[in-house]
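Asker:
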Amino acid sequence: MVELEQLLSGHTELTQRLIRHEIRDLLKRAEADNCRFGTASAGCDVTQMAVAPTILELRMSWHPGGEDERSNLVRLYFTEPADIPDCLYAALLASKAPGPMGLEEQNGHARQADYRVHVALGAPGGQPSRSS
512 MVELEQLLSG
522 HTELTQRLIR
532 HEIRDLLKRA
542 EADNCRFGTA
552 SAGCDVTQMA
562 VAPTILELRM
572 SWHPGGEDER
582 SNLVRLYFTE
592 PADIPDCLYA
602 ALLASKAPGP
612 MGLEEQNGHA
622 RQADYRVHVA
632 LGAPGGQPSR
642 SS
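In our numbering, the protein residues as written are 512 to 643.
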């Protein structure tokens, strides 16, 4: 995934391994249905995106940025196509600014992920297997 390589660039090998491990762990948890689905304010792991209802957002704990940089929040945008059993389709890995400042950026990421799902799976307006 191109986004992963961009996020990893400039980090130490140890940090890169930790990031990859967290991504694998979160995907395994999502696949095993061990992530909490709901709002971020309730401390849940996965949220359905209002601007792109076919897209789910998985929040990672990793925040890139060094001592002198403002940390961004890393998100994996994916879908669970209802017509493809047991499928998690990762559409976009992106980072955004924290708080209200990053909301428009986050919405743009969700729309970009929705477009990628539409192109890759031919899923215009399909709903994920979960709903809020």
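Think of the CB as a built atom: it goes at the ideal place given N, C-alpha and C, for glycine as much as any other residue.
When burial is assigned at 16 or more other CB atoms within 10 Å of the CB, is Leu525 buried or exposed?
Answerer: Exposed.
Asker: Alpha carbon to alpha carbon, how far is Pro564 from His629?
Answerer: Whole-angstrom Cα-Cα distance: 12 Å.
Asker: Quick one: give me the first and last residue of the alpha helix (DSSP H) that Glu615 is part of.
Answerer: Segment 614 to 632, the alpha helix (DSSP H) holding Glu615.
Asker: For Arg641, count the other beta carbons within 10 Å of its own beta carbon; 16 or more makes it buried, fewer makes it exposed. Which is it?
Answerer: Note that Arg641 scores 46 on pLDDT, short of 50, meaning its location in the model is unreliable; the coordinates nonetheless yield the value given after this. Arg641 comes out exposed.
Asker: Roughly how many angstroms lie between the CA atoms of Phe589 and His522, to the nearest whole one?
Answerer: Each residue's alpha carbon lies about 25 Å from the other.
Asker: Nearest CA to the CA of Met571: which residue from Pro611, Cys555, Val562, Ser520?
Answerer: Of the candidates Pro611, Cys555, Val562, Ser520, the one whose C-alpha sits nearest the C-alpha of Met571 is Cys555.
Asker: Among residues of its own chain, excluding the 5 on either side of Glu580, which ones have a beta-carbon nearer than 8 Å to its beta-carbon?
Answerer: Low confidence applies here, because Glu580 scores a pLDDT of 48, under 50, leaving its location unreliable and the question unanswered by this model.
Asker: Distance, Cα to Cα, Glu615 vs Arg622?
Answerer: Between Glu615 and Arg622, the C-alpha separation is close to 11 Å.
Asker: DSSP state of Pro611, grouped into three classes?
Answerer: Reduced to three states, the DSSP call for Pro611 is helix.
Asker: Grouping DSSP H, G and I as helix and E and B as strand, with all else coil, what is Ala541?
Answerer: Of the three classes helix, strand and coil, the one that applies to Ala541 here is helix, per DSSP.
Asker: Any idea if Ala624 is buried or exposed, counting beta-carbon neighbours within 10 angstroms, 16 or more meaning buried?
Answerer: By the 10 Å Cβ count, Ala624 comes out buried.
Asker: So what does DSSP say about Glu514, is it helix, strand or coil?
Answerer: Three-state result, Glu514: helix.
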